[in-house]
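See below for the structure under consideration.
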Amino acid sequence: MKRWKLVVVLLVIITLSSPFLFDYILKAKQNHFIRDTFGFNKKEFKVLKETDSHRGFHGDGDYVLILDCSENKEKALEYTKEWKSLPLTENLQLLMYGGEKEDHFYNYNLADASNIPEIKNGYYYFYDRYANSKDTKDDTNIFRGSFNFSLALYDLDTDIMYLLEFDT
180 MKRWKLVVVL LVIITLSSPF LFDYILKAKQ NHFIRDTFGF NKKEFKVLKE TDSHRGFHGD
240 GDYVLILDCS ENKEKALEYT KEWKSLPLTE NLQLLMYGGE KEDHFYNYNL ADASNIPEIK
300 NGYYYFYDRY ANSKDTKDDT NIFRGSFNFS LALYDLDTDI MYLLEFDT
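With this note's numbering, letter number 26 in the sequence shown gets 205, and the count goes up by one each step, no holes.
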């Protein structure tokens, strides 16, 4: 009888702690991805906003991270020295802010949905996570059946860094 009580108590503890453990594992995975892909650790800066809606069907959703880098500006500039200077490429501009190209209207407006302003002075880093992507830094073929990419932007005027992961 005592053994059954112990088993029941252990099962209840495991059941109640599983969501927290799963959430911790997902956050750790996210932190490693940011460090390995973009070269920085979010803990070095002040987090202004962090949202993740990836708990949907097949991992669809988005992750938005907004960091205030003003207290550690030198480190932010060191991390972004390999990034490309703005403006964004035409394809990324269409994805982030919408527009028209070759008689097609692009109304994604991902920046607006993610609270990312249009940045004029700064750097960006694009990473295509699409499984069949031949070059992870090339956005030439970004308009396909689904999106799986990450885009980091650094605003030199405000010292704010934005990171968007978008998965459909």
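Where is the CB? At the ideal position from N, CA and C, for every residue including glycine.
Quantities reported herein were computed from a predicted structural model and do not represent experimental measurements.
Taken atom to atom, the span from the alpha-carbon of Asp231 to that of Val243 is near 7 Å.
It is roughly 5 Å from the alpha-carbon of Met275 to the alpha-carbon of Leu289. Straight-line measurement puts the Cα of Tyr285 at about 28 Å from the Cα of Thr259. Rounded to the nearest angstrom, the gap between the Cα atoms of Gly277 and Asp291 is 10 Å. Counting only residues of its own chain and dropping the five nearest sequence neighbours on each side, Tyr341 has a CB closer than 6 Å to the CB of Ile245, Ile295, Leu332.
For the options Asp334, Lys225, Glu269, Glu253, the alpha carbon positioned closest to that of Ile298 is the one of Asp334. Around the Cβ of Gly301, a 10 Å sphere holds 16 or more other Cβ atoms; the residue is buried. The criterion of a C-beta distance shorter than 9 Å is not satisfied by Asn327 and Asp314. Nearest neighbour of Leu343 by Cα position, chosen from Ser249, Asp336, Ser312, Tyr303, turns out to be Tyr303.
Between Ala255 and Asp338, the CB-CB gap stays under 9 Å.
With a cutoff of 9 Å on beta-carbon distance, Tyr306 and Ser325 are scored as not near each other. Listed in chain order, the non-local C-beta contacts of Leu267 below 7 Å within the same chain comprise Met275, Tyr303, local neighbours out to five positions each way being set aside.
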